[in-house]
Every structure is written in C-alpha cells, then in structure tokens.
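Student:
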Amino acid sequence: MTYKIAVIPGDGIGPEVMDETVKVLDCVAKKFGLDFHYTYLKAGGCAYDEYGDPLPDVTLETALKCDVVMLGAVGGPKWDELPVDKRPEKALLGLRKSLGLFANLRPAVLFPQLADACPLKEEITKNGLDILVVRELTGGIYFGKRATEGDVAYDTMTYSVKEIERITHVAMKAAMMRSKRVCSVDKANILDSSRLWRKTVKEVAKEYPEIQLDHMYVDNASMQLIRKPSQFDVIVTGNMFGDILSDEAAMLTGSIGMLPSASLGEGNIGMYEPVHGSAPDIAGRNIANPLATIKSAAMMLRYSFGLEDAAKAVEEAVSKTLDQGFRTADIAGRERNIVSTKEMGDAVARNI
Ligand code: NAD
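Be aware that the sequence shown starts at 9, since it is given in this note's numbering, and climbs by one per residue.
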C-alpha cells in the first residue's frame with residue numbers, strides 16, 4: 009500500500025524542519041517496509057510570490073487527492089503588509105476548511121530529559137506529564153453570529169449535537185490508544201451550549217464502556233492543569249476553551265519547538281504540523297528545532313495511517329536522541345552539546 013503525503017514546507021524554518029522530518033520518515037519506511045509517496049506543494053508566502061495566491065488552486069486540488077497533508081509553517085515579515093485575503097495565514101484556514109478538519113489534537117508531553125524547561129515545581133511534575141487536548145475547531149463562539157451595535161457587541165456560542173458527537177468520538181478513540189481516560193471540559197453551570205455539550209458527551213461515551221469519563225468546569229480545569237497536571241489524560245473541549253487550555257498545557261512542556269499537532273476530519277484525512285510558526289528570526293541558519301514537526305509525523309502515522317508501531321518508533325527515537333544529550337539551542341538549558349537542525353534530524357533518523 010502506498011501512503012500519499014502532500015508535503016507543504018512553507019516559509020521561514022518550514023523547509024528546514026520538513027527536510028529532517030522526511031529524512032526520518034524515509035528511515036521509518038525502510039524499517040517497516042512502508043511506501044510513502046511525497047508530493048511537494050507550495051502554500052503561504054512562497055506561493056504568493058510564485059502564483060500571487062497563498063493557496064493556489066493547484067496546491068489545494070493536489071492536496072485533496074492525497075491521504076494527508078504535512079505542513080511546516082507559513083508567514084513572515086515579507087508578507088505582513090499584504091491585504092488579508094493574500095496573507096500566508098489564509099492558506100492554513102483554506103486548507104483546514106477544504107479538508108473539513110474539525111478536530112485539533114495537541115499533545116503536551118514533558119520529556120523527563122527536559123524537566124528543567126517546565127515552569128512548575130519539580131514535585132508537581134515528578135510523575136511525568138502527558139496530556140492530549142482535543143479541541144473542537146470549526147464551531148462554537150469563534151464561528152457564531154457576532155455584531156457590534158452602537159456601544160454593544162456580542163458573540164454567540166452555538167453547538168449542535170452532531171458537532172459535539174463527532175469531536176467526542178475523536179477524543180474517545182484517541183483515549184482508547186492511551187490510558188482510556190477522558191475529561192470533558194465545559195461551563196455547564198452557566199451555559200446552555202455547555203449543558204448540551206455535557207449531555208451529548210455522556211451519550212457518546214456509552215459506546216465506549218472501557219473509557220473513564222469525567223466532567224470539569226473550565227475555570228477549575230485551568231487551575232487543575234497547574235495544580236496537578238498528571239490527573240489528565242485526554243481533555244475534550246470546545247473551540248474557545250480548547251484554544252486557551254491547549255496553550256496552557258503546552259507551556260508546561262517548555263519549548264514551542266517540541267510541540268506537534270494534528271487536525272482531523274471525517275475518515276482518516278488529517279493535516280499535521282508543528283504548533284510553532286515560521287520563526288523568521290532564526291530562519292536559514294540551520295538552528296531550528298525539528299522535533300515538533302518530526303513528532304507531528306508520528307501523529308500522522310498513528311491517527312491517519314493506523315501505524316502504531318511506526319508512530320512509537322519515531323517517538324522512542326526522539327526520546328533516545330534527547331537521552332543521548334542532543335539539544336538544539338531552544339532546549340539547551342544547561343546542556344552544552346548544542347546541535348544544528350540537520351544534526352538533530354540525523355540523530356533521530358539513526359535512532360529509528
Ligand atoms: P513563531 O512560532 O514563528 O516564533 C516564536 C519564537 O519561537 C521565535 O523566537 C522563534 O525563533 C521560536 N521558535 C519557533 N519555532 C522554533 C523551532 N522549531 N525551533 C527553535 N525556535 C523556535 O511565532 P511568531 O514569531 O509569532 O510568528 C512568525 C511567523 O509565523 C508569523 O508570520 C506568523 O503569522 C507565522 N505563524 C505561522 C503558523 C503556522 O504556520 N501554523 C503558526 C504561528 C505563526
């Protein structure tokens with residue numbers, strides 16, 4: 009079977025971190041006898057330069073024919089003055105919308121090797137930290153009716169049963185591959201949309217009798233993430249709460265250069281990208297951390313291709329690389345063995 013991967017390196021450090029990720033995937037293919045077929049496409053500022061459009065038709069049409077999309081990052085100061093519909097970020101929104109990506113998965117894992125990058129006290133994180141935030145991406149208050157009328161403005165938070173059901177299924181399935189615990193976060197003591205959220209999540213959970221389901225109000229959840237993050241495994245929540253909580257969880261792990269993400273739609277389609285942007289301040293210097301993008305590829309192997317062993321092999325190779333003391337500058341801490349983007353990619357590839 010051939011896995012068709014649309015590769016969109018993008019701008020800034022995007023191409024640098026993507027090169028290392030493809031290098032690692034090539035080793036995975038060899039080790040597990042897999043066939044990855046890469047189609048390189050342009051999106052973002054570089055596509056604007058070539059086509060006058062950050063998301064040219066050829067990119068979108070070709071991406072839609074592939075099984076998944078891997079993206080580096082888009083944007084940079086060169087394109088900051090463009091009108092909104094020409095800006096590189098439009099490519100991201102266009103891809104998410106066209107691929108119907110309604111679920112955003114952001115794991116926050118604190119590697120013991122990088123424990124000193126965590127802003128919490130050591131005793132709070134001594135049991136490790138491995139949380140997956142599953143955020144609804146295309147509904148809720150960011151997409152509801154809004155208006156400003158005179159000196160009054162409003163935004164509307166709307167959720168339908170169907171929207172809640174499908175994101176809950178994503179969370180439950182993800183939890184089945186982990187420690188089978190889901191915490192649904194809402195504000196059901198105040199909001200009608202949250203009461204529907206809680207009721208629907210409970211209904212869907214009946215299909216997953218092995219899962220232990222808890223519910224938490226968002227204000228408490230934001231506090232518990234700091235007080236005792238190890239109590240969480242999978243958190244499922246709406247668009248705005250997820251936006252805030254996933255950033256909070258991410259911060260517990262130290263560097264943005266370590267954080268992968270997956271955006272999923274119906275079926276197995278998905279877009280995999282690091283959480284960070286194009287980092288124009290360090291672009292072209294071979295110093296960016298490629299691990300977030302490499303870990304995004306591990307998520308692709310797991311969630312879109314169902315290749316759990318291959319996904320684990322990538323994650324274990326990353327962990328072993330850190331054990332061996334390899335550090336890019338952003339995660340160097342007290343380590344002196346600072347390596348380049350390429351050296352980090354080479355080390356992970358060797359460890360596969
Ligand atoms: P950024 O994530 O690009 O950079 C923030 C800081 O983190 C910078 O100091 C950068 O050097 C550092 N950093 C980021 N990734 C790193 C890595 N892999 N290794 C080491 N250090 C890393 O955010 P920003 O500076 O706010 O945005 C820069 C550009 O990226 C903007 O044009 C923005 O619109 C765009 N952006 C794109 C995406 C995306 O493509 N998904 C996401 C966020 C921002």
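Beta carbons: idealized from backbone N, C-alpha and C, even for Gly.
Measure the alpha-carbon distance for methionine 266 versus leucine 118 and round it to whole angstroms.
Tutor: The residue you call residue 266 lines up with position 258 of the sequence shown. The residue you call residue 118 lines up with position 110 of the sequence shown. Taking the straight line joining both Cα atoms gives about 9 Å.
Student: Going straight from the alpha carbon of alanine 179 to that of valine 141, what length do you get?
Tutor: Translated into the one-based positions of the sequence shown, residue 179 becomes position 171. Translated into the one-based positions of the sequence shown, residue 141 becomes position 133. One C-alpha to the other measures close to 9 Å.
Student: By Cβ distance, which residues of its chain are closer than 8 Å to alanine 355, with the 5 residues on each side in sequence left out?
Tutor: Taking the first residue of the sequence shown as 1, we reach residue 355 at position 347. For alanine 355, where only same-chain residues beyond five positions count, the Cβ hits under 8 Å are Thr329, Gln332, Phe334 and Val347.
Student: Does the distance from the CB of alanine 296 to the CB of isoleucine 21 come in under 8 Å?
Tutor: Position 288 of the sequence shown, counting from 1, holds the residue named residue 296. Position 13 of the sequence shown, counting from 1, holds the residue named residue 21. Going by C-beta atoms, alanine 296 is nearer than 8 Å to isoleucine 21.
Student: Taking the Cβ atom as the reference point for each residue, do leucine 204 and tyrosine 167 lie within a distance shorter than 8 Å?
Tutor: Here residue 204 refers to the residue found at position 196 of the sequence shown. Here residue 167 refers to the residue found at position 159 of the sequence shown. Going by C-beta atoms, leucine 204 is nearer than 8 Å to tyrosine 167.
Student: Rounded to the nearest angstrom, what separates threonine 29 and leucine 199 at their Cα positions?
Tutor: Translated into the one-based positions of the sequence shown, residue 29 becomes position 21. Translated into the one-based positions of the sequence shown, residue 199 becomes position 191. Distance between the alpha carbons of threonine 29 and leucine 199: 43 Å.
Student: Is it a yes or a no for the region 35-42 touching the region 314-322, going by three-plus beta-carbon pairs under 8 Å?
Tutor: The region 35-42, when compared against the region 314-322, does touch it at the 8 Å Cβ threshold.
Student: Go through the region 213-244 residue by residue and report every complete run of the beta strand (DSSP E) that reaches 3 residues or more, in order.
Tutor: Taking only runs of at least 3 residues, the beta strand (DSSP E) segments lying wholly in the region 213-244 are 220-225.
Student: Are there any heavy atoms of the ligand NAD lying less than 7 Å away from the beta-carbon of alanine 287, as far as the coordinates show?
Tutor: Residue 287 sits at position 279 when you count from the first residue of the sequence shown. Alanine 287: yes, Cβ under 7 Å from the ligand NAD.
Student: Using the three-state DSSP reduction, which class does tyrosine 311 fall into: helix, strand or coil?
Tutor: Here residue 311 refers to the residue found at position 303 when the sequence shown is read from its first residue. Of the three classes helix, strand and coil, the one that applies to tyrosine 311 here is helix, per DSSP.
Student: Using 8 Å as the threshold, is the region 118-132 in touch with the region 256-272, meaning 3 or more CB pairs across them?
Tutor: Yes: at least three Cβ pairs fall under 8 Å.
Student: Can you check which of these residues, Ala325, Asp338 and Ala340, is closest to leucine 33 by C-alpha distance?
Tutor: Against the sequence shown, residue 33 aligns to sequence position 25. That would be Ala325, whose Cα lies nearest to the Cα of leucine 33.
Student: Cutting at 6 Å between CB atoms, please list the residues of its own chain near aspartate 194, excluding the five before and the five after it.
Tutor: Position 186 of the sequence shown, counted from the start, is the residue given in the question as residue 194. Excluding sequence neighbours, aspartate 194 sits near Ser202, Trp205 and Arg206.
Student: Put valine 77 into one of helix, strand or coil per three-state DSSP.
Tutor: In the sequence shown, residue 77 corresponds to position 69, counting from 1. Strand, per DSSP.
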